[in-house]
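Enquirer: Take a look at this one; I'll ask things after.
Number of protein chains: 4
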Amino acid sequence: MARNIHAGVIGAAGYAGAELVRLLAGHPHIKELSLGSVSFEGRPLYELYPNFLRRINPALVKPEEAAAAADVVFAALPNGVGEPFAKTCVEKNIPFIDFSADFRFGGDQAAYRAWYGMAYQFPNLREHAVYGLPELNRQALRERAGTGRIIIANPGCYPTAASLAAYPALARGMLAEGTVIVDAASGITGGGRETARSFHYPECADSLSPYKVGCHRHTPEIQRNFAAMTAKGGKAPALIFTPHLAPMNRGILSTLYAPLAGNWRAGPADPMRPPSPEAAEKERALQEAYAAFYQNEPFVRVLPAGINPATGRVRGSNYCDIAVRLDQTGSFLIAVSAIDNMVKGAAGQAVQNMNILFGFDETAGLEAIPASF
Amino acid sequence: MARNIHAGVIGAAGYAGAELVRLLAGHPHIKELSLGSVSFEGRPLYELYPNFLRRINPALVKPEEAAAAADVVFAALPNGVGEPFAKTCVEKNIPFIDFSADFRFGGDQAAYRAWYGMAYQFPNLREHAVYGLPELNRQALRERAGTGRIIIANPGCYPTAASLAAYPALARGMLAEGTVIVDAASGITGGGRETARSFHYPECADSLSPYKVGCHRHTPEIQRNFAAMTAKGGKAPALIFTPHLAPMNRGILSTLYAPLAGNWRAGPADPMRPPSPEAAEKERALQEAYAAFYQNEPFVRVLPAGINPATGRVRGSNYCDIAVRLDQTGSFLIAVSAIDNMVKGAAGQAVQNMNILFGFDETAGLEAIPASF
Amino acid sequence: MARNIHAGVIGAAGYAGAELVRLLAGHPHIKELSLGSVSFEGRPLYELYPNFLRRINPALVKPEEAAAAADVVFAALPNGVGEPFAKTCVEKNIPFIDFSADFRFGGDQAAYRAWYGMAYQFPNLREHAVYGLPELNRQALRERAGTGRIIIANPGCYPTAASLAAYPALARGMLAEGTVIVDAASGITGGGRETARSFHYPECADSLSPYKVGCHRHTPEIQRNFAAMTAKGGKAPALIFTPHLAPMNRGILSTLYAPLAGNWRAGPADPMRPPSPEAAEKERALQEAYAAFYQNEPFVRVLPAGINPATGRVRGSNYCDIAVRLDQTGSFLIAVSAIDNMVKGAAGQAVQNMNILFGFDETAGLEAIPASF
Amino acid sequence: MARNIHAGVIGAAGYAGAELVRLLAGHPHIKELSLGSVSFEGRPLYELYPNFLRRINPALVKPEEAAAAADVVFAALPNGVGEPFAKTCVEKNIPFIDFSADFRFGGDQAAYRAWYGMAYQFPNLREHAVYGLPELNRQALRERAGTGRIIIANPGCYPTAASLAAYPALARGMLAEGTVIVDAASGITGGGRETARSFHYPECADSLSPYKVGCHRHTPEIQRNFAAMTAKGGKAPALIFTPHLAPMNRGILSTLYAPLAGNWRAGPADPMRPPSPEAAEKERALQEAYAAFYQNEPFVRVLPAGINPATGRVRGSNYCDIAVRLDQTGSFLIAVSAIDNMVKGAAGQAVQNMNILFGFDETAGLEAIPASF
């Protein structure tokens, strides 16, 4: 039977940290919670987030203190800041679940350095790191359970949405050679708690815009996932990734375009005609393949025909909703995925990873049905 | 010197119609305005749109009446409804500017029928139809000026945004063979004034979702434009088009992905590295080619490097803002365009077409600087 | 020890019904759930609300069927529709929790008829009705526990927010004679699931407006509550109530202005000067009185000085946050309250009422911490 | 005949400044525009606001330079910064139109100091100051026309909305003694361009909250206006003013409650009954009195019965829409006003003031019909 544990959170004052606190506070196996912050030490969390009034009372402590007595440590810190804490945890055999990009690239320090402009502080720590996308690495996570010496690199928000939309196609060899395009948009909490021009209400409300076109840091992370997800003997497709900023608080919607292998295609279409009956049939086959692939996943919902994913329909939940479509030319898979960037894209996925590691029910603390509106 | 004219509007009570009234009411060469409506005949426009209080006083009249004394007739009607009015206008030598899809397919009735599920009522009318995308067909519009016997098929909103983003690449032969992907999102006015589940505030607010994936009616219109825009001897690319619904009132943001011809590409990139200096240089070349192509266009702004398009930055104006980027693999053009769907995507473009036809300054009545927020 | 029960919901397809289903599905003492709908019988709830996919699978049944085997029946129906169901439940000794206005006026049929334009169908049912504002009527609810013969009139959303902001002042005799003004705004879910012009996204987004000024149906309900809350021997104040529609999904913010009795006032202020130190001291006294009054209430949070209520800070929760202020003239109480209209203003309060009635922990199923953003 | 003039803007980079530039750029009598900024000197305005691309090209200059050759100088600066510029302009006989609070209190330096925490730098400048609410002070503005020695204190946004809603009642002696309550909400542009926690998108989106309850700086300004508007021999009412922050970009909605004098009241109402026919009649009388009072005002629209004001219906325009209602008790006037805080609440009103001063048509450059959505 699952024991109850003490969780420490470093960086509890940021958006991902605060969402994590909200989830852990309702988790059936968390018996104690220590919250640390560099910038807001000594202040109660409800001063920053009045929603926590009466619910989370103790003042934030120093990060070290938050980690001291914990059975698991979560770090929701900026890139490049958390390594010393990770080192301490590894040395003390305490699992460390990290929200930053610091451990997502494993041994490929050169890629990390190229995109993030920083060097690893303790490169050897990567030997303990597992990329924490449960749908991809559940087995690797389980194997580490109990050892303690583990750093879970919690995935980025865009990579979670994009990779889950691609995984069945890559793993089942459904794609032809070619480029995969991921066009995605995030709600504005994705930018974090720090105020900035781009996230000043009047600058982003009621407006939609792209950013970092052709150069967003999540590109290599998605690319790595594509490689890990591609069936043995297959070749991972090249990736084009464009993020946008959408005028909403939460959510990522990701639309993926990938050229299908011959047997998954519909016959060549007249570009001036609507999809043929054959195309509709092929689309059903794609949907079924996706549904079969994910049938045992607790948080991936392959949507039935006729339902489109919407960020508003996963709000507050750990679900990733995926719609599978065939384009009108009959040759491309269009897989659209929706997640709550703060939950499946950050804090919820971290809790899911903890659940796996500690042998809790994987959905423990993540049972919330998404809001209806 | 430009004379002043009398404009008739049929379908003034819909969203596109109301926006047209707003623009025509401030147009320097409109001396009189007759507003017609099937459903709201006898009621003043300000009862439906109180913003018009004190500014547009007369009650709406029957469509026929609105057209009777006009020098130009605009029809902002549902598909399949306006043909009889068009016929009358053509017979009376009055230019007819149509917002529906009825005249966008010219002689290709089969395509229209396949996508819109209706037959032409008066097929011969198409011999008078010109597709009213001024950047593409300005010359054809000018040639008809003065004859009167003209139906202008005002373009769809998505086709306007997508086609303008593709035009320089197609016309200058910048693309390799392959599929062009257009991933676009519209504000909710795009759904029109009729209430519907999808546009009920709580169902679409704070949420982003795709719709009609692989089967939206604007697909063949964009495809036609690509064919018309492709340099002689070239082959128009196949198109994949996915629309989304974004939680905002106005605006379309369209992101286009197209494989570049060899000389426009950067050398093959390591997918795990950021764009190379060579890629940056190639990107500048793309931008310059676009800027040169559109240098005389009054309403297309090719954005300088460092500025991203945003629907909020064209709000209320007839501009189409375009950013030109190279993807991180060095081989795809990414062209992002932003328009106000109600202006350049509908009423503003109709006024621009009228201006060309009547020899007015092309920007007359369309001088509004976009709102800053 | 609390037994687990079977809950029936009639009107599960509306907004309040769907929110109730979301809450009941996570309630620790609900062992079975039957969902009924007149309009959508035979269809699963997730077709209307895809957020329920995989979580609520059975098709909606006829209302009678939903009520048949239930230990408690909730009715989230339009006014005037639920009486026959209430009658059946009373006859079968099954508690009936009603979201409509039908039972809120008790014996005062004349008031109901005047505002709602309908007569009672079974007037005698009112002898079993208790107005279900737990902070006011917890004792009366507890007294009925176990008898079964009870109809709980679940309060309106505005009346909940306004009445809780007034209660301590009325009960403790803090007010002078005079008029109390309640100026409130609701998110758009308050209008329900039916599409309507006023709730069509482009008509209400990014805009704020009043409606039914001086004639909203919640006026007499608030007025009744004021009477019930006024200390014995006191005279209930007259009420002015103005509702507004705010461009957001959820939430009610209510700002109440009430003339203070002499001992609660600060000395007469120079209207051209900021609040005096004495005023600040009096404001603290008001805050303390409110905090003391509500100290044992699980869902009312009297905010500490320096924190303002915000609908975004109670989102998804059953809290009513209240700030207590003194106006700048030193003579009026300003009490601002925030609730989630769908939770404390509807479904959450109904669950709270059920908890009291069945002797469950009053917060069971309502433990959600509000979202941070 | 009106000559064309050269306008200088100091503080062009802020939100009010940018909106002013947008309006002046389309003004028929502005032949030249000089734009100054302390913080962004040397940079073109379109770098901050890409909507100005191609339309406003010159780089921002030093404030002194922007004022040097101007026929009129607008200052959109923080409080306490503009006095030296005002002094120079007065000395050079150039009208100075000031957006700050520095000149709104005239000789009452004590009030200014008490609320704004600063002393006047050049107290004597106030002898040249006129409070620029045209509906109140048009005559005083006209009398100064031509002299040059004038500082126009452009009103605050809330004071504009609240005062115009009160003016007819105060001037015509329609009120009984007592307190007037103004409950208002502003869009988030009201907070200006500086980033701040409160205006960070995720903190204010989809949420409604009050702020500075009982202590907002616009209180004494409204109080002063009430005094100036009250009929001779009358006594200005005391004011309670509560501002709120609403999740929208533009607009102020202000709801005013004022006790009516006996002859304007309906007979005493049963609080449990809807408004009586007599009340409806009295309400019409109130509406007619307001309509008559404002009949010649170009920018005040007293709405016909059945139309409610909405910030979305004045967006982008200089209108102030006012609805006049009687409360359900028959004894209070409820006057609800809507303005665009950036136009009638700031830049538009400044242009209106300039038009009056220079003898231009009062609506010149302000003819925009509000957006329909």
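Residue numbers (the numbering used here), protein chains in the order written: chain A, 165 to 537; chain B, 165 to 537; chain C, 165 to 537; chain D, 165 to 537.
All C-beta atoms, glycine included, are put in the ideal place defined by N, C-alpha and C.
1) Would the segment 165–175 of chain A and the segment 191–204 of chain A be scored as touching if the rule is three or more Cβ pairs under 8 angstroms?
2) Write down the C-beta distance between Ala392 of chain B and Leu300 of chain B rounded to the nearest angstrom, noting that I regard them as a contact closer than 8 angstroms.
3) Looking only at its own chain, which residues have a Cβ that is under 6 angstroms from the Cβ of Ala433 of chain A, when we skip the five neighbours before and after it?
4) Taking only beta-carbon positions, decide if Phe363 of chain D is within less than 7 angstroms of chain A.
5) Which residues, in order along the segment 360–386 of chain C, keep a beta-carbon less than 7 angstroms from a beta-carbon of chain B?
6) Counting only Cβ pairs nearer than 7 angstroms, list the residues of chain D close to Glu183 of chain B.
7) Using a Cβ cut-off of 7 angstroms (strictly closer), state whether Tyr458 of chain B contacts chain E.
8) In three-state terms, what does DSSP make of Ala444 of chain C?
9) Report yes if the CB atom of Phe286 of chain C is closer than 7 angstroms to the CB atom of Ile261 of chain C, and no otherwise.
10) Run the CB neighbour count on Gln516 of chain D, radius 10 Å, all protein chains shown included, and call it buried at 16 or more, exposed below.
11) Assuming the contact rule is C-beta atoms closer than 8 angstroms, Pro332 of chain D and Phe463 of chain D should be a hit. Round their C-beta distance to whole Å, please.
12) Since Tyr379 of chain D sits in a beta bridge, which residues does DSSP pair it with?
13) Can you name the residues of chain B whose CB is closer than 7 angstroms to the CB of Arg477 of chain D?
14) Entirely within the segment 193–223 of chain D and at least 4 residues each: give me those alpha helix (DSSP H) ranges in chain order.
15) Would the beta-carbon of Ala514 of chain A fall within 7 angstroms of that of Pro473 of chain A?
16) Beta carbon of Ala278 of chain B, beta carbon of Phe263 of chain B: below 7 angstroms?
17) Which of the residues in the segment 382–413 of chain D, read from start to end, lie with their CB under 7 angstroms from any CB of chain A?
18) As a quick exercise: from C:Tyr295, C:Asn288 and C:Ile258, pick the residue whose alpha carbon is nearest that of Ile386 of chain C.
19) Let me see if you follow: with CB-CB separation under 7 angstroms, is Asn472 of chain B close to chain A or not?
20) Rounded to whole angstroms, how far is the Cβ of Ala422 of chain A from the Cβ of Ala349 of chain A, which I believe are closer than 8 angstroms?
21) Can you tell me which of the three DSSP states Gly605 of chain D falls into?
22) Would you list the one or two residues that DSSP bridges to Arg334 of chain A?
23) Answer with buried or exposed for Pro222 of chain C, where buried requires no fewer than 16 other C-beta atoms within 10 angstroms of its C-beta.
24) If we ignore side chains and look at the alpha-carbon of each, how far apart do Ala395 of chain A and Ala330 of chain A end up?
25) Per DSSP, which residues does Phe496 of chain A bridge with? Please list them.
26) Does the segment 306–313 of chain A come close enough to the segment 368–387 of chain A that 3 or more CB-CB pairs lie under 8 angstroms?
27) In or out: Met165 of chain C buried (at least 16 other Cβ within 10 Å) or exposed?
28) Rounded to whole angstroms, what is the Cα-Cα separation between Phe216 of chain A and Glu247 of chain A?
29) May I have the straight-line CA-CA distance separating Ala499 of chain B from Leu188 of chain B, to the nearest angstrom?
30) For a cutoff of 7 angstroms on Cβ pairs, would you count Gln273 of chain A as touching chain B?
31) Which parts of the segment 343–401 of chain D are runs of the beta strand (DSSP E), unbroken and 3 residues or longer, counting only runs that do not cross its ends?
32) First and last residue of the alpha helix (DSSP H) that includes Ala232 of chain D?
33) Do the segment 335–348 of chain D and the segment 416–431 of chain D meet, that is, are 3 or more Cβ pairs less than 8 angstroms apart?
34) Quick one: which chain A residues come within Cβ less than 9 angstroms of Tyr179 of chain C?
35) Under 7 angstroms between beta-carbons, which chain B residues line up against Ala349 of chain A? List them in chain order, please.
36) How many whole angstroms separate the CB atoms of Gly480 of chain A and Ala511 of chain C, which I take to be in contact at a CB cut-off of 8 angstroms?
Expert: Taking the definition as stated:
1) yes
2) 6 angstroms
3) Counting only Cβ-Cβ distances below 6 angstroms, and skipping sequence neighbours, we find Thr493 and Gly494.
4) Interface residue, yes.
5) Those would be Ala360, Arg361, Phe363, His364, Tyr365, Pro366, Cys368, Ala369 and Asp370, in chain order.
6) In chain order: Ser536.
7) You won't find chain E in this structure, because its protein chains are A, B, C and D.
8) In the three-state reduction of the DSSP assignment, Ala444 of chain C falls in the helix class, which pools H, G and I.
9) no
10) buried
11) No, Pro332 of chain D and Phe463 of chain D are not in contact; Cβ-Cβ is about 15 angstroms, not under 8 angstroms.
12) Residue identity check: residue 379 of chain D is Cys in the sequence provided, not Tyr. Cys379 of chain D pairs with nothing; no bridge assigned.
13) Pro214 and Asn215
14) As far as the segment 193–223 of chain D is concerned, its whole alpha helix (DSSP H) runs of at least 4 residues are 209–212.
15) no
16) no
17) Asn413
18) C:Tyr295
19) The Cβ of Asn472 of chain B sits closer than 7 angstroms to at least one Cβ of chain A.
20) About 19 angstroms; that fails the 8 angstroms criterion.
21) This structure leaves residue 605 of chain D out entirely; chain D is present only between 165 and 537.
22) A small fix is needed here, since residue 334 of chain A is Leu in this sequence, not Arg. The partner list for Leu334 of chain A (beta bridge, DSSP) is empty, contrary to what the question assumes.
23) Here Pro222 of chain C is exposed: its Cβ has fewer than 16 other Cβ atoms, across all protein chains shown, within 10 Å.
24) Rounded to the nearest angstrom, the two C-alpha atoms are 12 angstroms apart.
25) A:Pro423
26) no
27) Summary for Met165 of chain C: the model assigns pLDDT 47, below 50, so the residue's position carries little reliability; its value from the coordinates is reported in the next sentence. Label assigned to Met165 of chain C: exposed.
28) 29 angstroms
29) 32 angstroms
30) no
31) 343–350
32) Pro227 to Ala232
33) yes
34) Ser536 and Phe537
35) Leu372
36) That belief does not hold up - the Cβ atoms of Gly480 of chain A and Ala511 of chain C are roughly 15 angstroms apart, past 8 angstroms.
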